[in-house]
Amino acid sequence: MTTLGKESCVFQTFSDKKGAGGGDPLARAVTGNVDNLLPDLSNLDEAGAGIFLQINEGPERGNQHITDVTALFVDTDGAPLEPILDAMPTPHILVQSSPDKYHVYWRVSDCPLDSFKEVQKRLANAFGTDPSVCDLSRVMRVPGSWHRKTDSPFQVEMVEDDLPPYPLAKIEAALKRVERISLPESIQTIFDELRNAQPGDRNNTLNRVAYACGQQSASLDTDPREELRKIAKSIGLDDGEINATIESGFTSGQGSPQRSVPEKGEEDLNDKHAIAMIEGKAVIINEGSDGAISFSSKADFNVATASMKPQPDPHNPNRTISAADAWIKSPFRRFYERVVFDPSEKCPVEHYNLWRGFAVEPSGNHEACQPFLDHIKNVICSGNDVHYNYLISWMADAVQNPGKRPGVAVVLLGGRGTGKGMFAKHFGSLFGGHYRQLVQPRHLTGNFNSHLKDALMVFADEAFWGGNVKEEGPLKALITEDQLMIEPKGVNSFAIQNHIHLIMATNNAWAVPAGIDERRFFCLEVSDSMKQDHEYFGALDEAMMNGGIEALLGFLLEWPLEGVNLRQVPQTDALKFQKDLSMSPLQRFWQQLLADGFLPGEEVGEELPWDDEPVSIATDELRILLKQFCQEHGITRTPSPAEVGKTLNQLCPGMTKTRPRTNNSKRKQHYTLPVLDECRYAFELAMGGAPIDWNAV
């Protein structure tokens with residue numbers, strides 16, 4: 001049951017040999033932990049019951065109760081096993097249910113409930129297995145139990161393989177190849193075509209079907225030409241015409257046999273390569289032994305395969321061509337209409353999906369990852385419960401909804417050796433080949449970014465700093481935009497769905513460009529309580545490598561996300577500090593005025609009281625103060641009057657423009673500002689809502 005990833009199981013028992021009185025005294029349907037149910041199931045087994053397990057996930061027996069597809073499977077029911085093992089991916093479980101009868105299981109990670117029946121029927125049709133094995137709540141015999149329907153009792157045996165579940169696309173791709181190599185028409189169907197030939201087209205039809213029979217003659221046990229003669233005569237063709245047409249068509253067909261299996265060289269290449277269309281161009285997809293996916297042009301592919309033995313030309317078996325060209329021409333090659341990165345369960349089989357699923361299977365033993373959870377809470381979140389709950393929700397959303405992005409990046413600030421990288425490494429390990437660690441800014445926001453095409457979790461380790469104005473736009477687009485433009489070397493650029501979840505870590509004070517209304521960054525000041533504690537980090541590593549990673553995935557999959565809005569980012573002190581560093585000169589100037597708590601009057605040395613009543617200052621006087629501020633802080637460009645007005649309206653919505661009457665004939669334009677506390681509160685709201693210690697500014 002562990003290979004199927006089950007802890008709670010639904011069992012069904014029936015009498016293998018029922019009596020004549022009707023009813024079944026051994027019929028049971030029970031649900032629970034296999035260890036707890038084992039004594040009762042063993043007793044039923046000894047009493048003569050067949051023990052069956054509901055394969056797909058559900059709280060009780062019945063199609064209406066199935067919540068998840070655990071596996072695809074076939075019951076050979078006497079059909080040969082070898083073609084299944086040859087054509088399909090390695091099964092996770094192979095059960096011998098009785099002599100010469102087998103059950104074959106492939107665990108899948110993403111099969112929708114409404115697709116299960118169709119795929120099951122296709123498997124049965126492709127391999128001649130039991131066609132009734134297609135309902136969601138199907139039960140199958142349990143390994144270790146006894147099968148007593150046979151002449152001699154047979155103990156059900158099992159062989160299992162500890163492989164991660166396959167994506168449905170992998171099963172369907174293999175199945176599609178099997179369906180493609182099956183003959184498109186049986187000989188009987190060819191005969192029917194001749195029987196139904198229309199007057200005026202009978203001779204052409206006879207020539208066509210004779211050619212088709214000739215193509216398939218090598219795989220036939222009997223010569224079809226005699227039957228063709230009988231049918232042709234029955235529809236009114238004369239003997240002389242019949243014989244000449246059949247021999248001509250049949251002989252031509254034998255010269256262009258229809259292969260039922262690919263050549264060995266084609267098969268070898270097909271296991272590791274596919275062809276897909278990218279922006280109107282055909283490219284070669286290469287699947288590395290480490291799971292990495294890359295793209296090649298035909299020229300590069302020719303060079304890479306040049307040492308392979310020449311192969312028969314699929315279009316002309318009498319000559320040989322290069323292995324690359326033979327595979328490209330082969331009807332058995334894998335071909336896809338486009339390349340996508342789609343972690344959802346809705347990717348069409350015609351699309352090449354870069355998503356390969358999670359790297360590990362979830363475990364319910366949450367205690368195994370408790371040291372890591374403690375590290376997150378006490379070190380990464382410095383003991384703050386609110387920050388811990390948000391971060392865990394962000395992580396849980398990445399595994400429960402990998403096809404969606406929260407639009408928020410996690411930013412970790414702290415010194416070296418505090419555990420930032422440890423956090424990213426172990427969390428990233430859940431995603432296997434979809435995890436990237438980057439240490440160069442160009443790898444995060446630069447060109448030639450093919451490494452991001454199938455990235456779901458990215459750890460930017462010292463790969464950015466907040467003052468990098470040039471890369472600010474690309475960084476924010478990476479976090480929030482739905483599409484990502486991929487630019488591989490030597491292949492046309494193409495757009496792909498952006499599923500990147502970004503974790504950033506830095507020792508620099510200014511980490512990210514955080515604007516006044518920033519909602520893209522969840523910033524945390526990492527505690528240095530465990531800094532350079534090698535014993536602590538060694539124990540944490542050991543815990544995660546001994547079941548902790550699987551337990552973390554199980555924990556996150558069960559973490560409740562109802563009512564969680566990840567766009568409501570906690571306004572942490574670390575985020576406030578990033579906003580302070582990212583403030584524009586005008587924002588910093590205005591903050592300083594509010595901190596000083598007074599404005600200069602029209603007379604030299606005069607200070608306008610601001611605590612208890614609104615104040616008014618001439619706009620040109622305010623611009624003089626701003627210019628002085630810029631000069632004192634080394635800012636070469638003073639904001640324009642239009643910028644000043646627009647920004648102050650954002651920072652102080654209660655501000656108004658007036659032209660008060662004076663003794664002079666010229667009336668100057670003034671800004672009338674609310675009382676100081678109201679201006680300070682408006683600034684705090686504009687900067688995200690976090691309170692500011694004005695005495696410390």
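When you number the sequence shown by full-length UniProt numbering, it's gap-free, plus one each residue, and the end is 697.
Just so it is clear, CB atoms sit at the ideal spot from N, CA and C, and this is done for glycine as well.
On a predicted model such as this, the values are computed, not experimentally measured, just so you know.
Alpha-carbon to alpha-carbon, residue j and residue i
i: P488; j: N401; result: 27 angstroms
i: G689; j: Q571; result: 7 angstroms
i: Y681; j: T67; result: 51 angstroms
i: T506; j: L412; result: 7 angstroms
i: D135; j: S152; result: 29 angstroms
i: A409; j: E367; result: 28 angstroms
i: N270; j: K531; result: 50 angstroms
i: G265; j: L237; result: 45 angstroms
i: A509; j: Y390; result: 23 angstroms
i: I235; j: N207; result: 14 angstroms
i: L38; j: V30; result: 11 angstroms
i: G249; j: K298; result: 37 angstroms
i: Q591; j: T672; result: 17 angstroms
i: A173; j: R333; result: 11 angstroms
i: D100; j: L85; result: 15 angstroms
i: E57; j: Y435; result: 29 angstroms
i: Q437; j: R356; result: 18 angstroms
i: I284; j: T70; result: 32 angstroms
i: M140; j: P167; result: 22 angstroms
i: D385; j: S294; result: 42 angstroms
i: residue 750; j: E160; result: The structure shown does not extend to residue 750, since the chain is modelled only from 1 to 697, so the question has no answer here.
Any C-beta of chain D under 8 angstroms from that of residue i
i: G265; result: Considering every chain present, this structure includes no chain D. It has just one protein chain.
Proximal residues to residue i (C-beta, below 6 angstroms), its chain only, five neighbours per side dropped
i: S145; result: D45, I51 and V156
i: K404; result: none
i: T658; result: H670 and T672
i: E607; result: F598
Beta-carbon contacts of residue i that lie in its chain and below 8 angstroms, excluding the five residues immediately before and after
i: F358; result: S109, P164, V399, L430, F431, G432 and L553
i: C9; result: M1, T31, G32, N33, V34, L37, L53 and Q54
i: H633; result: P585 and R588
i: M422; result: H375, F537, L540 and D541
i: G654; result: L673, P674, E678, C679 and A682
Opposing strand residues paired with residue i [DSSP bridges]
i: D68; result: E57
i: T320; result: P312
i: P600; result: E607
i: A306; result: According to DSSP, A306 bridges with nothing at all.
i: V340; result: N353
i: N384; result: DSSP, once it has assigned bridges, lists no residue as partnering N384.
i: E160; result: I93
i: W106; result: L72
Minimum C-alpha distance to residue i - residue among the options
i: C369; options: G407, K476 and G547; result: G547
i: D300; options: D75, L475, V675 and N286; result: N286
i: V526; options: N378, R28, D35 and F372; result: N378
i: T636; options: L586, N63 and H501; result: L586
i: M395; options: R416, P441 and V458; result: V458
i: R177; options: L220, Y102, I278 and F335; result: F335
i: P143; options: V133, K149, M158 and G563; result: M158
i: T251; options: D239, E267 and V209; result: V209
i: H147; options: L581, A49 and V386; result: A49
i: D290; options: V133, S363 and K272; result: K272
i: S42; options: F11, V349, G253 and P59; result: F11
i: F427; options: D541, L484, A292 and D192; result: D541
i: V104; options: D75, D130 and P89; result: D75
i: T418; options: E481, K425, A495 and S529; result: S529
i: P112; options: P89, L81, L72 and L373; result: L72
i: D223; options: G255, N203, D201 and I187; result: I187
i: S132; options: E241, M277, D77 and M544; result: D77
i: K420; options: M504, G490, N492 and P474; result: M504
i: F494; options: E350, H351, E337 and E279; result: E279
Close beta carbons around residue i, own chain, < 7 angstroms, minus the five adjacent residues each side
i: P314; result: A326, K329, S330 and P331
i: C347; result: A169, V340 and N353
i: T320; result: P310, Q311, P312 and D313
i: R416; result: N507
i: V564; result: S393
i: L175; result: R122, L123 and A126
i: Q550; result: Inspection of the sequence shows that residue 550 is occupied by Glu rather than by Gln. Once the five neighbours on either side are set aside, the close Cβ partners of E550 are V360, E361, P362 and S363.
Under 8 angstroms, with one C-beta from each stretch per pair, do the region 442–458 and the region 525–540 reach the 3-pair mark? no
Does the structure place the region 120–132 close enough to the region 24–38 that three or more beta carbon pairs sit under 8 angstroms? no
For the region 214–233 against the region 114–122, are there 3 or more C-beta pairs whose distance is under 8 angstroms? Touching, no, given that fewer than three Cβ pairs across the two stretches are closer than 8 angstroms.
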